[in-house]
Every structure is written in structure tokens, then in C-alpha cells.
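J.: The structure under discussion is supplied below as C-alpha cells; questions concerning it will follow.
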Amino acid sequence: MRTISTYASPMTENNTQATDALRITVRALRAQHDGAEVQVQLLLESGAHCEQKSLLLTMEQYTALKPRRGVISQEEYERIEAAGELCRAIRSGESLLSFGANSFRTLAMKLTKKGYSREVATAAAEQLLSRGLIDEEKDAQREVERSLRKLWGEKRIRAHLWSRGFGAEAVESALSLLGEVDFAGQCRALIEKHYGDVPRDADEYRRMMGFLSRYGYSVSEIRAAIGALRRADE
Numbered sequence: 001m002r003t004i005s006t007y008a009s010p011m012t013e014n015n016t017q018a019t020d021a022l023r024i025t026v027r028a029l030r031a032q033h034d035g036a037e038v039q040v041q042l043l044l045e046s047g048a049h050c051e052q053k054s055l056l057l058t059m060e061q062y063t064a065l066k067p068r069r070g071v072i073s074q075e076e077y078e079r080i081e082a083a084g085e086l087c088r089a090i091r092s093g094e095s096l097l098s099f100g101a102n103s104f105r106t107l108a109m110k111l112t113k114k115g116y117s118r119e120v121a122t123a124a125a126e127q128l129l130s131r132g133l134i135d136e137e138k139d140a141q142r143e144v145e146r147s148l149r150k151l152w153g154e155k156r157i158r159a160h161l162w163s164r165g166f167g168a169e170a171v172e173s174a175l176s177l178l179g180e181v182d183f184a185g186q187c188r189a190l191i192e193k194h195y196g197d198v199p200r201d202a203d204e205y206r207r208m209m210g211f212l213s214r215y216g217y218s219v220s221e222i223r224a225a226i227g228a229l230r231r232a233d234e
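Read in this note's numbering, the sequence shown has 74 at position 74, and its numbers run on one by one without any break.
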């Protein structure tokens, strides 16, 4: 929470430094975006210095804070300012979610990268989670489905889910979809897609083994896929 400092006035004739008290006035309250938000227009004055400021609050924040027109205390202003910062973070989070699914942790991390404090970013992500805009279990399941279409193995899929910031429950729920997957068959399809058949050249064969391992397949799955391809050629 940011504290507004007072402005120092020029030196007085008796060579003492004086400071002017800060006066904060709510000048107007206006509904925005069909009543979803309220714009709070403020005037900050200290001696000859003045600053106009406009902050947006969600309707929930406005109802909780009940700002009024007229002069308010610095404590009241700081509460309004903090709420305005959270409102901005929530709107930024909504914008990020409009481009694609994000886990709670990933969204909070992206908001901190946009300049919000960790506390504000986490609070904004919590708000969006409570509204149902973040559904980690469903999003993690979609990531598993996309990964299978890319012919990824289980190890790579698991690592991908953790890297996206999904929680343990969402990860385990999504991985339960893999129980019926034939990963040896997936691995065979990957070999056929990239190599056509099992390479006969020793160096190429070793490169293929490394490639399949990076795609998340176990040694037993790779061997089963190679065996199936060789039997098919007989």
C-alpha cells in the first residue's frame, strides 16, 4: 500500500521548514461498464500543489468500502487506492484468460510480471478462481488431450502439467485419463511419422532413441514400438 507524502513548502521567514497538510477529496462517483465498476474521481491538494486521480473499483469493492463524496482521510484513500490496484489486476487477469487457460499459479506469476505485487497478483487470481474463470481440473484434462494428439509420452505429459502450474489434484485427475492409453502404440506412430521405419544406420538409430526419450517414452515402450514395427516388416 502506497503512502502519500506531504509536500514541503518553501522556507519561512523565520528559517523553519513547514509542511502543508494533504487534503483528499472525492469529487465524483460514476458507474462504468453497465454498473460492473465504479469510477472514483479524486483531488489531492497540498498547499499550491494539486493532483487529480481516477480509480476504478469493482461493484463489490464499492459496496464494501462505501466511498462518499467530499473530504476523506488518508486512511480511507489508501483503502480505495489498494482496491483500485486489485481491480486493475483482476481486469488484467481476465484479459490474460481471454487468450487461453491458465492455472492459478501461472496466472498469478504472469500478473507479477506485469508489475503487480505478489500479494495483489495472488488476490486477483483468487478472485477469478472463485468466479469459476479458472477451472484447473478441466484445463489440465484439455492439456492432456492436446499432448496425446502431439504423440507425447506419459513422462513428458506429466512434466508439462507441472510446468503449467496446475495443482496436485488437477494433475492426478488429468493423468487418470492415461490409464487406457497404448503408449507403445503412440510411440510406434511417432516413429512412423518422423522416420517412416526403424533406422538401420547405428548413429541414426541412437538419435531416434534420444528423440523418443525426450518425447517422454520409457525404454520398455520404445522397445515394444520398435518390435512391433520390425514384426510388421517381416
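Note that CB positions come from ideal geometry on N, CA and C, so glycine has one too.
(1) Can you find a heavy atom of the ligand FAD that lies under 6 angstroms from the Cβ of D139?
(2) Do you know how far the Cα of Q41 is from the Cα of M109?
(3) Using only the alpha-carbon positions, how far apart do S147 and E180 sit?
(4) Apply the 10 Å Cβ neighbour rule to R214 and answer buried if 16 or more other Cβ atoms are within range, or exposed otherwise.
(5) Would you tell me roughly how many angstroms separate the C-alpha atoms of A21 and T112, rounded to the nearest one?
(6) Quick check: I72 and Q127, are their CB atoms within less than 7 angstroms of each other?
(7) Identify the continuous beta strand (DSSP E) that holds I80 and give its terminal residues.
(8) Under DSSP, the beta strand (DSSP E) around Q180 begins and ends at which residues?
(9) In this structure, does DSSP put L148 in helix, strand or coil?
(10) Under the rule that 16 or more other beta-carbon atoms within 10 Å means buried, what is C50, buried or exposed?
(11) Say whether the region 155-171 touches the region 190-204, bearing in mind that this needs 3 or more beta-carbon pairs closer than 8 angstroms, one atom from each stretch.
(12) Can you tell which of K193, Q186, S220, G70 has its C-alpha closest to the C-alpha of L44?
(13) Buried or exposed for V26, going by 16 or more other Cβ atoms inside 10 Å?
(14) Can you tell me the Cα-Cα spacing of S103 and W162, whole angstroms?
(15) Out of curiosity, what's the CA-to-CA distance linking M59 and K138?
(16) Under DSSP, the beta strand (DSSP E) around L42 begins and ends at which residues?
(17) Please return the same chain residues whose Cβ sits closer than 7 angstroms to the Cβ of A258, not counting the five positions on each side in sequence.
T.: Checking against the coordinates, here is how it stands:
(1) This structure lacks the ligand FAD, and indeed carries no ligand of any kind.
(2) The sequence position of residue 109 within the sequence shown is 109, counting from 1. The sequence position of residue 41 within the sequence shown is 41, counting from 1. Inter-residue distance for M109 and Q41 is about 30 angstroms (C-alpha atoms, whole angstroms).
(3) Within the sequence shown, residue 147 is the residue found at index 147, counting from 1. Within the sequence shown, residue 180 is the residue found at index 180, counting from 1. Using only the alpha carbons, I get a separation of about 15 angstroms.
(4) In the sequence shown, residue 214 corresponds to position 214, counting from 1. By the neighbour-count criterion, in which 16 or more other beta carbons inside 10 Å mark a residue as buried, R214 falls on the exposed side.
(5) For the purposes of this step, residue 21 is identified with residue 21 of the sequence shown, where counting begins at 1. For the purposes of this step, residue 112 is identified with residue 112 of the sequence shown, where counting begins at 1. Linking A21 to T112 through their CA atoms gives a straight-line distance of about 34 angstroms.
(6) Within the sequence shown, numbered from 1, the residue matching residue 72 stands at position 72. Within the sequence shown, numbered from 1, the residue matching residue 127 stands at position 127. The criterion of a C-beta distance shorter than 7 angstroms is not satisfied by I72 and Q127.
(7) Numbered from 1 along the sequence shown, position 80 holds the residue referred to as residue 80. That residue, I80, is in no beta strand (DSSP E); its alpha helix (DSSP H) goes 74-98.
(8) In the sequence shown, residue 180 corresponds to position 180, counting from 1. Going by the sequence as given, residue 180 is Glu instead of Gln. For E180, no beta strand (DSSP E) run applies, since DSSP gives it neither H nor E.
(9) Walking along the sequence shown from the start, residue 148 turns up at place 148. The three-state secondary structure of L148, taken from DSSP, is helix.
(10) Sequence index remark: in the sequence shown, residue 50 carries index 50 (1-based). Within a 10 Å sphere around the beta-carbon of C50 sit fewer than 16 other beta-carbons, which makes this residue exposed.
(11) No, because fewer than three Cβ pairs between the region 155-171 and the region 190-204 fall closer than 8 angstroms, the two stretches do not touch.
(12) Here residue 44 refers to the residue found at position 44 of the sequence shown. Taking L44 as reference, the option from K193, Q186, S220, G70 with the minimal CA-CA separation is G70.
(13) To locate residue 26, count along the sequence shown from 1; it is residue 26. That one is buried.
(14) What you label residue 103 is simply residue 103 of the sequence shown in a count that begins at 1. What you label residue 162 is simply residue 162 of the sequence shown in a count that begins at 1. Distance from the CA atom of S103 to the CA atom of W162, rounded to whole angstroms, is 10 angstroms.
(15) The residue labelled residue 59 in the question sits at position 59 within the sequence shown. The residue labelled residue 138 in the question sits at position 138 within the sequence shown. M59 and K138: Cα-Cα distance of roughly 29 angstroms.
(16) Numbered from its first residue, the sequence shown carries residue 42 at position 42. Note, L42: beta strand (DSSP E), 37-46.
(17) Outside the modelled stretch of the chain, which goes from 1 to 234, sits residue 258, for which no answer is possible.
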